[in-house]
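Numbering (the working numbering), first residue to last: 301 to 610.
Just so you know, even glycine gets a beta-carbon here, dropped at the ideal spot from N, CA and C.
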Ligand SMILES: NC(=O)c1ccc[n+]([C@@H]2O[C@H](COP(=O)([O-])OP(=O)(O)OC[C@H]3O[C@@H](n4cnc5c(N)ncnc54)[C@H](OP(=O)(O)O)[C@@H]3O)[C@@H](O)[C@H]2O)c1
């Protein structure tokens with residue numbers, strides 16, 4: 301089990317972290333470790349399936365509160381779904397590290413009176429060194445990550461007839477490579493600390509299930525189909541390692557976000573069709589995290605009522 305203790309206020313240690321907000325003291329987390337520094341936690345191999353099931357059943361009354369005081373990294377926290385998810389987790393007492401390029405927007409997410417603490421990191425999910433720096437800061441200042449929500453995403457208006465190569469490159473670098481690197485680093489961090497109830501959540505899309513439902517959305521469908529496959533790939537890799545770290549994805553239909561509203565074309569489309577609000581997605585994340593350890597919600601498809609494409 302994890303223990304908590306009161307720790308020091310984190311400070312910025314490298315130039316990568318010059319924009320990390322210092323929002324007061326934080327409860328630092330530390331895994332129970334033995335003299336060799338290894339986590340004292342029975343491995344899956346030491347327990348029979350029945351014992352493991354009993355263990356899960358005993359823990360089944362634990363909802364999202366089991367993550368209170370723990371650390372979630374939310375990428376793309378400066379806007380849209382990532383911002384709403386970050387705020388929802390803070391309200392549930394989870395300490396949130398928000399990662400995005402527009403760090404000032406993350407700092408503004410602080411929820412007054414919420415039990416969770418917010419840390420804002422300026423970082424670029426399209427650059428590996430930036431991701432690795434963020435994980436290093438979290439390791440050194442908050443001990444590690446217990447939950448990762450991959451919400452950072454870039455969706456250029458592009459098509460396969462005249463789309464720009466650079467737009468496609470950015471979409472792959474952020475939506476695929478960045479998501480895969482963040483997930484790998486989070487899983488390694490969890491395993492290093494013996495955290496077996498960690499959670500990786502990808503924000504995917506209805507486009508992973510209903511491919512190319514509209515012209516100009518082909519690359520988005522490619523990206524999100526890859527995310528869906530990566531989620532199952534990671535799940536199988538974790539099972540192979542006898543890990544109980546869970547992987548889930550949320551596949552929304554249209555959600556009204558700042559990113560999309562900035563486009564004139566999409567502002568007009570939103571005028572004519574139903575859409576979801578960011579809170580709907582944040583609540584789905586809470587639902588996923590609220591399940592007992594034996595339940596891995598694999599994918600939540602959420603569509604606006606009466607959505608007419610696809
Ligand atoms: N809105 C929809 O209808 C919809 C539907 C299905 C799926 N999605 C997916 O949902 C996710 C969230 O999108 P959203 O609608 O909430 O859009 P949004 O409001 O535009 O938010 C996108 C977020 O991603 C971050 N981001 C983009 N590039 C980044 C980079 N290189 N490094 C770090 N952060 C980066 C942005 O932060 P900075 O710009 O500050 O870096 C921003 O916080 C995306 O993966 C999107 O594909 C959206």
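Here residue 528 is buried, its C-beta having at least 16 other C-beta atoms within 10 Å. Note on residue 413: under 16 other CB atoms within 10 angstroms of its CB, so exposed under the neighbour-count rule. When C-alpha distances from residue 509 are compared across 448, 557 and 602, the shortest belongs to 602. Its Cα nearest to that of residue 390, the residue 367 stands out among 367, 379 and 453. Around residue 379, the same chain offers 400, 402, 405, 557, 558 and 559 as residues with beta carbons nearer than 8 Å, after the five sequence neighbours per side are excluded. Shown here, residue 584 sits in a helix according to DSSP, grouped into three states. Secondary structure note for residue 545: it is in no alpha helix (DSSP H), with a DSSP letter that is neither H nor E. Under the 8 Å Cβ criterion, the segment 438-447 counts as touching the segment 481-493, having at least three qualifying pairs. When distances are taken from the beta-carbon of residue 599 to the heavy atoms of ligand 1, even the shortest one reaches 8 Å or more. Residue 573 is not a Cβ neighbour of residue 592, given a cutoff of 9 Å. Here the alpha carbons of residue 609 and residue 387 stand approximately 30 Å from one another. With respect to the C-alpha of residue 567, the residue from 554, 547 and 549 having the closest C-alpha is 554. C-alpha of residue 576 to C-alpha of residue 552: approximately 8 Å in a straight line. Sequence-distant partners of residue 398 (beyond 5 residues in either direction) whose C-beta falls short of 6 Å from its own C-beta, in its chain, are 374, 377, 386, 406 and 420. When 522, 543, 523 and 465 are compared, the shortest CA-CA separation from residue 493 is found for 543.
Cβ-Cβ distances below 8 Å link residue 381 to 451, 503, 552, 555, 557, 578, 581 and 582 in the same chain, with the five nearest sequence neighbours on each side left out; the list follows chain order. Boundaries around residue 380 are those of the alpha helix (DSSP H), 380-391, since no beta strand (DSSP E) includes it.
Residue side-chain check: residue 520 places its Cβ nearer than 8 Å to a non-hydrogen atom of ligand 1.
Looking only at 548, 472 and 541, the smallest Cα-Cα distance to residue 522 is reached by 472. Distance from the Cα of residue 431 is smallest, within the candidate group 462, 418 and 483, for 483. Apart from the 5 residues on each side of it in sequence, residue 520 sits with its Cβ closer than 7 Å to the Cβ of 455, 505 and 507 in its chain, given in chain order. Burial is judged here by how many other beta carbons sit within 10 angstroms of a residue's own beta carbon; residue 594 has fewer than 16 and is exposed. In this structure, the C-beta of residue 530 stays at least 8 Å away from each heavy atom of ligand 1.
For residue 407, the shortest C-beta to heavy atom distance toward ligand 1 is 8 Å or greater.
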